[in-house]
Structures are given as C-alpha cells and as structure tokens.
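The numbers in the UniProt record's numbering rise by one with no breaks, and the one at position 169 of the sequence shown is 169.
Note that the Cβ used here is the ideal one computed from N, Cα and C, for glycine as well.
What you are looking at is a predicted structure, and each value in this text was computed from that prediction instead of being measured.
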Amino acid sequence: MGPVVEEAAGEKAAVKKTAVKRPAVRKGAARGGRSASAKGAVKKSTAKKAGAAQAAKTTGATTVVAKKTPGTATAAQKPTAVPKARVAAVEPGELAVRPGEDPWTEDEVSEARAELQSEAMRLRTELDASERALTGLMRDSGDGAGDDQADTGTKNITREHEMALAHNAREMLDQTERALERLDAGTYGLCENCGDPIGKARMQAFPRATLCVECKQKQERR
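Here is the structure:
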C-alpha cells in the first residue's frame, strides 16, 4: 500500500504543475498576439503614410502646413483713429450781442480779427524786447559787484520796471490769443465768467475783452 499511495500522489502533483503552467503559456500567447496586432497596426499606418507621400510625389501636390496665427494680435486689431471733422466757420450773425444791438456783419468780424492779429504781433515783439532787456540787466547786476548803492538801486528799479512790462505784455498777449480762438469757435463776445453777452459795442472798443462790464467791475473791486 505504501508505494502505490506515493505513486498516486506523484501523479497528482505532476498534473497540478501541468495545470498551473498552461495559463502561463496561454497568457504569453495572448501577449504575443497583442504585440503582433499592435506591430501590424503600426506597419499599416506607416504603409499608409508612405503611400500618401508617394502619391503626393507622383501627382506633384505639395503638403501645406497650417501656421499658427496669433488670435488676439490679428483678430483684435485696434481701429485706426479717425480724425475729427473740422468745425464749420461760424457765421458773423451768430456771434453773441446784447438785446437791442445789431448782429455782427462780415466786415465787422474781419475788422476785429485784423485788429487782434495786429495786436498779437505787436505784443510778441514787445515781450521779446522786454525779455532781452531783462537778460541784459541780470547779466549787468552780476558784473557790478563794485557799484555804489545809487547805481545798484537804479539797476534794481530798471529791472523791476522791465519785469512789470514783460508781465503785462504776456497777459495782454494771452487775452488776445484767446479772443482769436473764441472768434474761430463762435464764442466771441461771451463773458468768460457769467456766460452772458459782453456787448458788441464793448467788443469793438476792446476786441480782446473777456468779461462783461458787470463782471469786470466785480473783479476790480476785489
């Protein structure tokens, strides 16, 4: 009985080993099949690409590669600035006048413009001369270290006088240039303080006036 049992046990162990090894063989075969399928797919894809390239060479077709274009830089270009339209010239009769005054005529406006332009030219010349005189006085004051008190006082008075003249000329030039701008804009004759008409008679007497009589008097009383 002892040897028979041992032989039977040996046969069972051999059968178990064989049964265990069979799945491993099957897995290996399955893996081999999958690898073969993948390789076959790669070969097919390569063959298709090669065929397409050969067809392109045969027909002379060229392969176009799409270039990346910046989405925001091209699509969202800034619009070109449109220059503003020039405002049409204001008719002389549209300029402000006080109640009871006749409207401005074309000749009256032309006369006022010519007077303002002439005044602006004169004031620029005067301002330039005053600035040159001030430059000379400042240079002389630096060189006159040995002057007596009388000479020094005279130079100071002359310098202050030239400074006052330059300041006055600069203010009048500014008023004259603003009057020319208002004449072009159609607001000539309107008070810069209250917005009421200055009056045609006052504008003809003082073409660079910027305030009406009432506002001018209030300014002088301050």
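{"query": "Where Leu190 and Arg222 are concerned, what is the direct C-alpha to C-alpha distance, given to the nearest angstrom?", "result": "22 Å"}
{"query": "When DSSP labels each residue in this structure, what does Pro197 get in the three-state scheme?", "result": "strand"}
{"query": "Which residues in the same chain have their Cβ closer than 8 Å to the Cβ of Glu131, if we skip the five residues on either side of it in sequence?", "result": "Ala166"}
{"query": "Ignoring anything shorter than 4 residues, give me the alpha helix (DSSP H) runs that lie fully in the segment 90-143, in order along the chain.", "result": "106-143"}
{"query": "Count the other CB atoms, across all protein chains shown, that sit within 10 Å of the CB of Pro99; report buried if there are 16 or more and exposed otherwise.", "result": "exposed"}
{"query": "Report the option in Glu119, Lys155, Arg122 and Leu116 whose CA atom is closest to the CA atom of Ala133.", "result": "Lys155"}
{"query": "Quick test of your reading: Ala179 and Leu116, contact by CB under 8 Å. State the CB separation rounded to the nearest angstrom.", "result": "5 Å"}
{"query": "Just mark residue 226 as buried or exposed, buried being the case when its beta carbon has 16 or more other beta carbons within 10 Å.", "result": "The shown model of the chain, from 1 to 222, leaves out residue 226, and the question about it has no answer."}
{"query": "Between the beta-carbon of Ala120 and the beta-carbon of Leu183, is there less than 8 Å?", "result": "no"}
{"query": "On the DSSP letters alone, give me the boundaries of the alpha helix (DSSP H) that Glu214 sits inside.", "result": "Val213 to Arg221"}
{"query": "Per DSSP, which one or two residues make a beta bridge with Leu190?", "result": "Pro197"}
{"query": "Tell me the rounded alpha-carbon separation between Gln217 and Pro197.", "result": "15 Å"}
{"query": "Per DSSP, what kind of secondary structure is Ala205 in: helix, strand or coil?", "result": "helix"}
{"query": "Within the same chain, show all residues whose beta-carbon is closer than 7 Å to that of Pro207, passing over the 5 residues directly before and after it, in chain order.", "result": "Ala112, Glu115, Leu116 and Ala179"}
{"query": "Tell me whether the beta-carbon of Gly186 lies closer than 8 Å to the beta-carbon of Glu94.", "result": "yes"}
{"query": "Counting C-beta neighbours from all protein chains within 10 Å, is the total for Thr125 16 or more, i.e. buried, or is it exposed?", "result": "exposed"}
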